[in-house]
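Here the protein sequences come in this chain order: A and B. Using our numbering, the first residue of the first sequence is number 83, and each one after it goes up by one. Using our numbering, the first residue of the second sequence is number 101, and each one after it goes up by one.
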Amino acid sequence: MKDGFQGLRLGKWMLGLLKQRAAGLFCFTFLALGLVSLINPAFLAWGNLRDIAVQAAPVCIISCGLMLVLVLGEIDISVGSMMGVLAASMGAMVSATRWGLSPWIAVILTLILGTLMGALNGWLIAYLRVPSIMVTLGMLTALRGVTEVIMGGTWITDLPPGIRYLGTGSWMGLPICLWVCAGVIVLSTWLIHRTPLGRRIFAIGSQPRAAHLAGLPIQRVKFLVFAWTGFLTALATLVSVPQLSVVDSGIGVGMELLVVTCVVVGGTSVNGGTGHLSGVVFAVLLMTMISTLLIFMKLGENATYWSRAIQGLFILGAILLDHLVRSKKSS
Amino acid sequence: MSALQAKQISRSYGGTRALSEVSIELLPGSIHALCGENGAGKSTLIKILSGVETPDSGEVTLNGQPIPLGRVHAVEQIGIVAVHQEPVVFPHLNTVDNLFVGREQSKVGGLWLNKKGMREQACQIMHSLGETFSLDIPVGQLSLAQRQMVSMGRALLQECRILILDEPTASLSARESKSLFATMDRLQQQGVGILYVSHRLEEVFQLAQQVTILRDGQCAGTQPTSSLSRSELIRMMVGRPVENPSRQQKKTKSKSDKPILKIRGMRRDPVFQDIHLEIHAGEILGLSGLVGAGRSEIARAIFGLDPVDEGEIWFEGRCLPEGFTIQDTMAMGMAMVPEDRQREGLVLPASVEDNLTLPSLIELSGWMGMHRKPRHEASRSLIEQMGIKTASRASSAQSLSGGNQQKIVLGKWVYRQPRLFILDEPTRGVDVGAKEEVHRMIEQLAAGGSAILLISSDMPEILRLSDRILTLCQGRIKGEIASHEATQEILLQWALPEERDALS
Numbered sequence: 083m084k085d086g087f088q089g090l091r092l093g094k095w096m097l098g099l100l101k102q103r104a105a106g107l108f109c110f111t112f113l114a115l116g117l118v119s120l121i122n123p124a125f126l127a128w129g130n131l132r133d134i135a136v137q138a139a140p141v142c143i144i145s146c147g148l149m150l151v152l153v154l155g156e157i158d159i160s161v162g163s164m165m166g167v168l169a170a171s172m173g174a175m176v177s178a179t180r181w182g183l184s185p186w187i188a189v190i191l192t193l194i195l196g197t198l199m200g201a202l203n204g205w206l207i208a209y210l211r212v213p214s215i216m217v218t219l220g221m222l223t224a225l226r227g228v229t230e231v232i233m234g235g236t237w238i239t240d241l242p243p244g245i246r247y248l249g250t251g252s253w254m255g256l257p258i259c260l261w262v263c264a265g266v267i268v269l270s271t272w273l274i275h276r277t278p279l280g281r282r283i284f285a286i287g288s289q290p291r292a293a294h295l296a297g298l299p300i301q302r303v304k305f306l307v308f309a310w311t312g313f314l315t316a317l318a319t320l321v322s323v324p325q326l327s328v329v330d331s332g333i334g335v336g337m338e339l340l341v342v343t344c345v346v347v348g349g350t351s352v353n354g355g356t357g358h359l360s361g362v363v364f365a366v367l368l369m370t371m372i373s374t375l376l377i378f379m380k381l382g383e384n385a386t387y388w389s390r391a392i393q394g395l396f397i398l399g400a401i402l403l404d405h406l407v408r409s410k411k412s413s
Numbered sequence: 101m102s103a104l105q106a107k108q109i110s111r112s113y114g115g116t117r118a119l120s121e122v123s124i125e126l127l128p129g130s131i132h133a134l135c136g137e138n139g140a141g142k143s144t145l146i147k148i149l150s151g152v153e154t155p156d157s158g159e160v161t162l163n164g165q166p167i168p169l170g171r172v173h174a175v176e177q178i179g180i181v182a183v184h185q186e187p188v189v190f191p192h193l194n195t196v197d198n199l200f201v202g203r204e205q206s207k208v209g210g211l212w213l214n215k216k217g218m219r220e221q222a223c224q225i226m227h228s229l230g231e232t233f234s235l236d237i238p239v240g241q242l243s244l245a246q247r248q249m250v251s252m253g254r255a256l257l258q259e260c261r262i263l264i265l266d267e268p269t270a271s272l273s274a275r276e277s278k279s280l281f282a283t284m285d286r287l288q289q290q291g292v293g294i295l296y297v298s299h300r301l302e303e304v305f306q307l308a309q310q311v312t313i314l315r316d317g318q319c320a321g322t323q324p325t326s327s328l329s330r331s332e333l334i335r336m337m338v339g340r341p342v343e344n345p346s347r348q349q350k351k352t353k354s355k356s357d358k359p360i361l362k363i364r365g366m367r368r369d370p371v372f373q374d375i376h377l378e379i380h381a382g383e384i385l386g387l388s389g390l391v392g393a394g395r396s397e398i399a400r401a402i403f404g405l406d407p408v409d410e411g412e413i414w415f416e417g418r419c420l421p422e423g424f425t426i427q428d429t430m431a432m433g434m435a436m437v438p439e440d441r442q443r444e445g446l447v448l449p450a451s452v453e454d455n456l457t458l459p460s461l462i463e464l465s466g467w468m469g470m471h472r473k474p475r476h477e478a479s480r481s482l483i484e485q486m487g488i489k490t491a492s493r494a495s496s497a498q499s500l501s502g503g504n505q506q507k508i509v510l511g512k513w514v515y516r517q518p519r520l521f522i523l524d525e526p527t528r529g530v531d532v533g534a535k536e537e538v539h540r541m542i543e544q545l546a547a548g549g550s551a552i553l554l555i556s557s558d559m560p561e562i563l564r565l566s567d568r569i570l571t572l573c574q575g576r577i578k579g580e581i582a583s584h585e586a587t588q589e590i591l592l593q594w595a596l597p598e599e600r601d602a603l604s
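Okay, here's the thing in structure tokens:
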């Protein structure tokens, strides 16, 4: 069927691209890259760029899940502590001095454990209707405690090579974590754009009352999204923790803030309903680059502090921008 | 043989009976209108028929088979589809997604959406409704009428045997109404039964073969439209001529005194325009009209809750400054009892005392902050004065009945002795006895020299209490009448929108 709408599509698409957060972040990222390479050309070295990508990968993997949580109009601030528990339990499973399980079984158990923790969040939020900020705040504290219990005040240093390979190995010239991250991005794109579930997530976040009147399975969708976020957190843990040779109880501290920052800076509305995966991916890259940049600017000790401050400014800026765009639309 | 049959449906919300033993029968290939005043139970009936709510008792059958009550999806599946008064749309999604969400078409067992197919079908449906806007922009950026059409399109997507339309033309222009009527005509030819709710009586007479009238949650009769006239229909909606306990005892006010509130040319687009009114000391001015006519919005604007686009408001001879706020109006001596008692009128978990003293905390405080004693005294005297039945002044507001809750809302303002009370539906959801007490209190307040702006959908109430009544229709004042000359018929006649060119 020939319709009058088709002709408008290309023009609308170009206009949409300009308005999208992804394009802005893309330009911003390259501008920053250009500036720094003028000051210090070493920044553009292949090795350094790869390091940035490797650092960004776990953040990106979790962001893909958390973005959907925010689109639903909910929040999950427990991912950092979940990562802590998962890292500790994985370490304990494979360590020869502890349980000494085979790496394969450890990987599978970790993924299952992550999904279960996410599912617990989802069950409390969707079926018992506890506000997500309260549930995940409780989990943030509780799971950090569980991590301390598992670690028992020590740390694990004897990760077997099988597990270490996940963090340090590479395939076809690229580190494993980048392949996993790419896979998650492709999978999320498919989920969002090509499945009924993806469309329903956006619908529920856009207008919960209408979703109720339309008979959408709101509770099931919420439950699935939280469980999915738990699964992705486990995946991120598996590819990031073995990059180092030590597992301690501080893994994942502050991760939730970094991820929320990236998702919001990437243009996902804190009120639910909108979000673009491309924006989120670029936001992750940008945030990781900034922290590396600061190291290159030879701020020494101060680099970490500055990176925190800048992270905060970005999240405030993104929310302000969102607010301004919205109030302009409504007037 | 009837297609949809509802038998003896009853439904209560809290203590209020929204529907009691209502039966309705809908024939295939016919248009059946549902009429009634505000709060007669139309929306509740529709929500039950479409599976959004479950009835307390009664049953609904489609072709003799009972329908799955309270399950929207299952009800849609067997062919009963509703278009609700508020459009069911997702503002961030585009039209295609809005039409299909919840019943997506996909290949490979739900793993791959058939975007092309859905788009083509959406395109066809919107064309058949006479719409040509782009399907790709988020629906939130469309006009209200276009959103209504999207909501309509969503219903048509479904293979339906029964279509329920709740005030579909309320936000449509003449052009869109026309294409909607054409679509309804086509569906009717195909044997679809249509239940049509509208306040526009001309549409009812033009489109429907049958009309069922609801009054106070009860069925007041079903008639063929050909045997009814407009005024007969209105009489059935209003009910038997009510004996008017009119207010002869009330002497006519000396109009010489200056008005307490004077409004000139107040406008706030798009909810109301060109509002002029005056209220004198000791006078009760009724404001009647349909839901959505702009009554509550006017009240909110006067009290400083919503901004006004244009117009002057004079209070006791002083003109309110531009951009005045609720702090200004409270300080000058206005008070408002909002429409939604539970959400806007009270802090439900807080105690009776806290609620009663909330607007007067500054007055009840000394230089060291709040004093317990004056608050106790204030709340004790108010509980006594208003006749609030509560275990103690420390019990929470939510533990009280609706009527006593409303007395708290009134009482907290009475303490400040305001010059003007704005009362928005002061007796909604209040039982008969408490209603009587609230009425007496309102009369006392007026006798004490306060001016009162009374908004009510309860016609006998507004006729009984008011000195004068203004009727609003679609954001404009349609008429003013002294209450001893007014009847329910006149008020309803004014409140209903007039015939429009869509039908001529």
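By construction, the Cβ of each residue, glycine as well, lies at the ideal position given by its N, Cα and C atoms. None of these values were measured; they are calculated from a predicted model.
Could you check which residue in the options has the C-alpha nearest to that of residue i?
i	options	result
G404 (chain B)	B:S460, B:I522, B:H471 and B:V338	B:I522
F396 (chain A)	A:A208, A:V345 and A:S145	A:V345
V122 (chain B)	B:S130, B:A103, B:P155 and B:H132	B:P155
R664 (chain B)	B:M436, B:L199, B:C573 and B:P459	No answer is possible for residue 664 (chain B): the residues shown for chain B start at 101 and end at 604.
A534 (chain B)	B:K578, B:L127, B:I488 and B:A546	B:I488
G394 (chain A)	A:T311, A:I377 and A:I372	A:I372
D409 (chain B)	B:G433, B:L448, B:V189 and B:D369	B:D369
D158 (chain A)	A:S171, A:W186, A:A208 and A:N122	A:A208
Verify the CB distance criterion: does residue i have a CB-CB separation below 8 Å to chain A?
i	result
L193 (chain B)	yes
E204 (chain B)	yes
D197 (chain B)	yes
G230 (chain B)	no
V189 (chain B)	yes
G253 (chain B)	no
G210 (chain B)	yes
V437 (chain B)	no
L145 (chain B)	no
E410 (chain B)	no
Measure the alpha-carbon distance for residue i versus residue j and round it to whole angstroms.
i	j	result
G251 (chain A)	Q137 (chain A)	14 Å
V472 (chain B)	D428 (chain B)	It is Arg, not Val, that sits at residue 472 (chain B) in the sequence shown. The straight-line gap from Cα to Cα measures roughly 27 Å.
S270 (chain A)	S145 (chain A)	10 Å
I360 (chain B)	R418 (chain B)	10 Å
T23 (chain A)	T386 (chain A)	Outside the displayed span of chain A (83 to 413) sits residue 23 (chain A), for which this structure offers no information.
L295 (chain B)	I148 (chain B)	13 Å
L219 (chain A)	Q105 (chain B)	50 Å
V262 (chain A)	G349 (chain A)	24 Å
L298 (chain A)	T587 (chain B)	46 Å
Is DSSP giving residue i helix, strand or coil here?
i	result
D374 (chain B)	strand
R291 (chain B)	Looking at the sequence provided, one finds Gly at residue 291 (chain B) rather than Arg. Correct three-state label for G291 (chain B): coil.
E477 (chain B)	helix
M436 (chain B)	strand
I522 (chain B)	strand
H192 (chain B)	coil
T415 (chain A)	Residue coverage of chain A in this structure runs from 83 to 413, which leaves residue 415 (chain A) outside it and unanswerable.
K578 (chain B)	strand
D601 (chain B)	No answer about D601 (chain B) holds up, because its pLDDT of 43 lies below 50 and its placement is not dependable.
M366 (chain B)	strand
F415 (chain B)	strand
E410 (chain B)	strand
Flag residue i as yes if its beta-carbon sits less than 8 Å from any beta-carbon of chain E, otherwise no.
i	result
L257 (chain B)	The structure shown has no chain E; the protein chains it does contain are A and B.
I'd like to know if residue i contacts chain B, where contact means its C-beta is closer than 8 Å to some C-beta of that chain.
i	result
Q289 (chain A)	yes
R424 (chain A)	A question about residue 424 (chain A) goes unanswered here, because the residues of chain A that appear run from 83 up to 413.
Between the region 302-312 of chain A and the region 321-333 of chain A, can you find at least three pairs of beta-carbon atoms closer than 8 Å?
no
### Query
With a cut-off of 8 Å, do at least 3 Cβ pairs link the region 528-543 of chain B to the region 370-381 of chain B?
no
### Task
Could you tell me whether the region 476-493 of chain B touches the region 513-529 of chain B, where touching means 3 or more Cβ pairs closer than 8 Å?
yes
Assess contact between the region 170-190 of chain B and the region 218-234 of chain B, defined as three or more Cβ pairs (one per stretch) separated by less than 8 Å. Is contact present? no
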